[in-house]
Amino acid sequence: MRKNIVAGNWKMNNDLPQTEALIDGLKSQTQTSNAEVMIAPTFTNLWHAFEELRQSKIEVIAQNMHFAENGAYTGEVSASMLKSVGIQTVILGHSERRAYFNETDQLLAKKVDAALANDMRVIFCFGEELADRKSGNEESVVENQIKNALFHLEGSAFKNIVLAYEPVWAIGTGETASPEQAQDMHAFIRKTLDSKYGSEVADNMTILYGGSVKPNNANEIFSKPDVDGGLIGGASLKAEDFFAIVNAF
Ligand code: 13P
1061 MRKNIVAGNW KMNNDLPQTE ALIDGLKSQT QTSNAEVMIA PTFTNLWHAF
1111 EELRQSKIEV IAQNMHFAEN GAYTGEVSAS MLKSVGIQTV ILGHSERRAY
1161 FNETDQLLAK KVDAALANDM RVIFCFGEEL ADRKSGNEES VVENQIKNAL
1211 FHLEGSAFKN IVLAYEPVWA IGTGETASPE QAQDMHAFIR KTLDSKYGSE
1261 VADNMTILYG GSVKPNNANE IFSKPDVDGG LIGGASLKAE DFFAIVNAF
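Okay, structure coming up:
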């Protein structure tokens, strides 16, 4: 079912004391919207964050995982390891993973399969680079990212997938896609799903926007009919800013 979600991607920020302080800040905020709220701390702090937020409505999620169940993959973390510390949802395909760690659509298809096989929910990220948008290729880039990583799935698998459109040129730059640009792309994403899986999958898909969402622009972006929430980077590192965005719904 289509939901409103606001997820904070902390990226490689916050050691344990900083994680504790930010969680304390989050606990002191009041939620006035009915959006689902999630935070994604680093691997080392997942268990602590999960324990701290066990009684709250904030879900703790992971930023990444490996596709294998276990084995000789030094430095990696598997779905079952995440699940064993209470994590049910994982972000996959973030543009920083694609750019700095060479994650391809083919690799991401395997990660998606592994997460779903472990009954996890996936927040699948994709988005064009500035050069793609300048050359008018943003729709074909996004369409290919979705097709290559997800279109081998059955329609029923999509109930455990959330999509996150994050134009690379808007991440951490302070430059947001305009609400109209976000709406146009989200409508295109829904149309792409509809053409393969039909309207039930397309209409029920939760599609988040990510890229310089801040308290002062969240309301306008979230007011667009095909924008179901946000994946928040920088502004999720301050409890008040994050909850101002959560409450923008
Ligand atoms: P910013 O909100 O810092 O632009 O980051 C967006 C993002 O990458 C969320 O995953």
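Read in order, the letters of the sequence shown are residues 1061 to 1309 in the working numbering.
Even for Gly, the Cβ is constructed at its ideal location relative to N, Cα and C.
Remember, it's a predicted structure, so these values are computed and weren't measured experimentally.
(1) What does a CB cutoff of less than 6 Å around A1247 pick up in its chain, not counting 5 residues either side in sequence?
(2) The beta strand (DSSP E) spanning A1175 covers which residue range?
(3) Taking 8 Å as the cut-off, is the C-beta of S1233 nearer than that to any heavy atom in the ligand 13P?
(4) Let me know the alpha helix (DSSP H) ranges lying completely inside the stretch 1076–1153, each 4 residues or longer, listed in chain order.
(5) Grab the span of the beta strand (DSSP E) containing I1267 for me, first residue to last.
(6) I want to check one thing, is the minimum distance from the CB of H1108 to the heavy atoms of the ligand 13P below 8 Å?
(7) Does the beta carbon of H1212 come closer than 9 Å to any beta carbon on chain C?
(8) Whole alpha helix (DSSP H) runs in the stretch 1237–1304 with 4 or more residues, listed along the chain?
(9) Exposed or buried, E1111, counting other C-beta atoms within 10 Å across all chains shown (16 or more means buried)?
(10) Is the stretch 1071–1085 touching the stretch 1098–1116 in the sense that three or more CB pairs, one from each, lie closer than 8 Å?
(11) List the whole-angstrom C-beta distance separating A1139 from A1174, where the pair is believed to meet the contact cut-off of C-beta under 8 Å.
(12) Below 9 Å between beta carbons: does that hold for M1245 and E1214?
From the atom records:
(1) D1286
(2) For A1175, no beta strand (DSSP E) run applies; the uninterrupted alpha helix (DSSP H) run containing it begins and ends at 1165–1177, by DSSP.
(3) According to the sequence displayed, residue 1233 carries Thr and not Ser. Judged by the Cβ position, T1233 qualifies as a neighbour of the ligand 13P at the 8 Å threshold, a heavy atom of the ligand being closer than this.
(4) 1076–1087, 1106–1113, 1139–1144
(5) 1267–1270
(6) no
(7) In the displayed structure, chain C is absent; only one protein chain is listed.
(8) 1239–1257, 1259–1264, 1278–1282
(9) exposed
(10) yes
(11) 5 Å
(12) no
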